[in-house]
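Student: Mind having a look at this structure? Questions to follow.
Residue numbers (this note's numbering): 0 to 292.
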């Protein structure tokens, strides 16, 4: 009898420890795109300063992982640097999940090379030939006689998907080194004179060991620097994409409150300060149409 009472006491103690404090809110889980993980972490940091007592966790792992978490109901917000696929929508709806996407910022997929590389501009066609492995030496695109080292993302990355669709029109070279995130690509290219990589623009700024490549849609057209905000806003830069957050249904409650903060003037200033592009009028209208935000 004494042993039974002791066991029950331990169980009750563990149960008490596991319970949240009175009034404590459920922790919101945000997971997904490595491209925007630092941006969303900064958003959460500022938001929690303004809203003490709320609980939020932000992790990366790639757009695919974030969307899988939404499907499995292990995340509340899935960060994605690509639009959700139709097959993912069908799969989620089969699980009783209704994905709704809100655009919280825009990004330029930015091509970076080592600071010592003399190549400063490429066309989309040249870029595709490089990443398909057809142009394997920098001399093939106006550079030095030096083999090209390709750095890219893994297949769970939204950037991997968008770049393959918009630039390659085919498959990546088997020689591409698949990195876990933007920061890994940046560090690799900065240390490799033969390297080339693609990253979100927020990762390509203020690094003296990198050179940002200007891109033209095709030969004979203007080469555009993604750091020129005017050219980006006017649509001249060819590799601009929306950055999404997906929720199960139209966001409400604490989830909606946070997303409204991200889209507020204060939140969009953080977007700008972190090197990304605030939501444009067309996406503002789409957010209102889809979710009333």
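Ideal placement from N, C-alpha and C gives every residue a C-beta, glycine not left out.
In three-state DSSP terms, what is residue 232?
Tutor: Translated into the one-based positions of the chain shown, residue 232 becomes position 233. Helix.
Student: Using the Cα positions of residue 203 and residue 247, report the straight-line distance between them to the nearest angstrom.
Tutor: Walking along the chain shown from the start, residue 203 turns up at place 204. Walking along the chain shown from the start, residue 247 turns up at place 248. One C-alpha to the other measures close to 32 Å.
Student: With a cut-off of 8 Å, do at least 3 Cβ pairs link the segment 135 to 143 to the segment 176 to 189?
Tutor: no
Student: Which whole-angstrom value is the C-beta distance of residue 41 and residue 273, which I expect to be below 8 Å?
Tutor: Taking the chain shown and counting its residues from 1, the one referred to as residue 41 is at position 42. Taking the chain shown and counting its residues from 1, the one referred to as residue 273 is at position 274. Contact holds; Cβ gap of about 6 Å.
Student: Is it buried or exposed for residue 100, if we count other Cβ within 10 angstroms and need 16 for buried?
Tutor: Translated into positions along the chain shown, residue 100 becomes position 101. Its Cβ being crowded by 16 or more others within 10 Å, residue 100 is buried.
Student: Apply the 10 Å Cβ neighbour rule to residue 17 and answer buried if 16 or more other Cβ atoms are within range, or exposed otherwise.
Tutor: In the chain shown, counting from the first residue as 1, residue 17 sits at position 18. Note that residue 17 scores 37 on pLDDT, short of 50, meaning its location in the model is unreliable and no value can be drawn from it.
Student: Which of helix, strand or coil does DSSP assign to residue 55?
Tutor: In the chain shown, the residue the question calls residue 55 occupies position 56. In this structure, residue 55 counts as strand in the three-state DSSP scheme.
Student: Would you check if the segment 66 to 75 and the segment 105 to 115 touch, i.e. whether three or more CB-CB distances between them fall below 8 Å?
Tutor: no
Student: Can you list, in chain order, the stretches of the beta strand (DSSP E) that have 3 or more residues and sit fully within the segment 33 to 116?
Tutor: 55 to 60, 76 to 79, 98 to 113
Student: Quick check for students: name the residue ranges of the beta strand (DSSP E) that lie wholly in the segment 144 to 207, counting only runs of 3 or more.
Tutor: 148 to 152, 176 to 178, 194 to 199
Student: Sorted by chain position, which residues of the same chain lie with C-beta nearer than 8 Å to residue 217's C-beta, five sequence neighbours on each side aside?
Tutor: Here residue 217 corresponds to residue number 218 of the chain shown, with the count starting at 1. Excluding sequence neighbours, residue 217 sits near 122, 123, 124.
Student: Hey, quick one: how far does the beta strand (DSSP E) through residue 290 stretch, first residue to last?
Tutor: Locating residue 290 in the chain shown gives position 291, where the first residue counts as 1. Taken as a continuous stretch (DSSP letters only), residue 290 belongs to no beta strand (DSSP E), being part of the alpha helix (DSSP H) at 280 to 290.
Student: On the DSSP letters alone, give me the boundaries of the alpha helix (DSSP H) that residue 247 sits inside.
Tutor: Here the question's residue 247 lines up with position 248 in the chain shown. Note, residue 247: premise wrong, no alpha helix (DSSP H); beta strand (DSSP E) at 239 to 247.
Student: To the nearest angstrom, how far is the alpha carbon of residue 323 from that of residue 279?
Tutor: In the structure as shown, the chain starts at 0 and stops at 292, and residue 323 therefore has no counterpart that could be examined.
Student: Quick check on this structure: which residue in 75, 148, 25 has the alpha carbon closest to the alpha carbon of residue 172?
Tutor: Taking the first residue of the chain shown as 1, we reach residue 172 at position 173. Checking every option, the nearest Cα to that of residue 172 belongs to 148.
Student: Alpha carbon to alpha carbon, what distance is there between residue 92 and residue 222?
Tutor: Reading the chain shown from its first residue, position 223 is the one you call residue 222. Reading the chain shown from its first residue, position 93 is the one you call residue 92. Those two C-alpha atoms are separated by around 43 Å.
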